[in-house]
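Just below is one structure, and these are the notes that go with it.
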Amino acid sequence: MSSTLHIFSKPKSYYTAFDMNLVGIHDKILLQQDACYDQSQFASNSPVQIYMLETCAIARAVTPIDSIQQVDDLSWVDLIANCDKSITW
3 MSSTLHIFSK PKSYYTAFDM NLVGIHDKIL LQQDACYDQS QFASNSPVQI
53 YMLETCAIAR AVTPIDSIQQ VDDLSWVDLI ANCDKSITW
């Protein structure tokens, strides 16, 4: 089963053409930069696990909500390595 890591760096409203149906059941989502501010919108109706880059969360004084897993830089590398491909939107 192939998986894709979808990486978002802007608030969800920026991605007007993005359709959550593009995210497969084995995929993962990583929030970084200003996407951290909009974590609730990304988590709403998300069929997959969502991660938030710790350094971005700290820099923006954002605490991940319960459904979002915070990852450090080493875990981020593992996350990418464990997916077949990544897409930066």
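In the working numbering, the protein residues as written are 3 to 91. In this text, a Cβ means the ideal position worked out from N, Cα and C, and glycines have one as well. The structure displayed is predicted, hence computed values, not measured ones.
Integer-rounded CB distance, given that D36 should sit under 8 Å from S77: By 1-based counting over the sequence shown, the position of residue 77 is 75. By 1-based counting over the sequence shown, the position of residue 36 is 34. Contact doesn't hold; Cβ gap of about 21 Å is too wide.
Checking the sheet assignment: what are the DSSP bridge partners for S28? On the sequence shown, position 26 is the one that residue 28 refers to. The question names Ser, yet the displayed sequence has His at residue 28. Paired residue(s): none; H28 is not in a bridge.
Suppose you measure from the CA of L7 to the CA of N23; what does that come to, to the nearest Å? Position 5 of the sequence shown, counted from the first residue, corresponds to residue 7. Position 21 of the sequence shown, counted from the first residue, corresponds to residue 23. Their Cα atoms are separated by approximately 14 Å.
Distance CB(D29)-CB(S5) smaller than 8 Å: Position 27 of the sequence shown holds residue 29. Position 3 of the sequence shown holds residue 5. Yes, Cβ-Cβ distance for D29 and S5 is below 8 Å.
M54 versus Q41 - alpha carbon distance: Numbered from 1 along the sequence shown, position 52 holds the residue referred to as residue 54. Numbered from 1 along the sequence shown, position 39 holds the residue referred to as residue 41. About 8 Å.
Could you tell me which residues DSSP puts in a beta bridge with Y53? For the purposes of this step, residue 53 is taken as residue 51 along the sequence shown, with counting starting at 1. Under DSSP, Y53 takes part in a beta bridge, and its partners are L32, Q71.
Check the C-beta distance from I82 over to A45 and give it rounded, since I have them as a contact under 8 Å. Walking along the sequence shown from the start, residue 82 turns up at place 80. Walking along the sequence shown from the start, residue 45 turns up at place 43. Taking the Cβ atoms as the reference, I82 lies roughly 21 Å from A45, outside the contact range of under 8 Å.
R62 versus Y16 - alpha carbon distance: Reading the sequence shown from its first residue, position 60 is the one you call residue 62. Reading the sequence shown from its first residue, position 14 is the one you call residue 16. For the pair R62 and Y16, the Cα-to-Cα distance works out to about 18 Å.
Check whether the Cβ atoms of V50 and I67 sit closer than 8 Å, and answer yes or no. By 1-based counting over the sequence shown, the position of residue 50 is 48. By 1-based counting over the sequence shown, the position of residue 67 is 65. At the C-beta level, V50 and I67 stay beyond 8 Å of one another.
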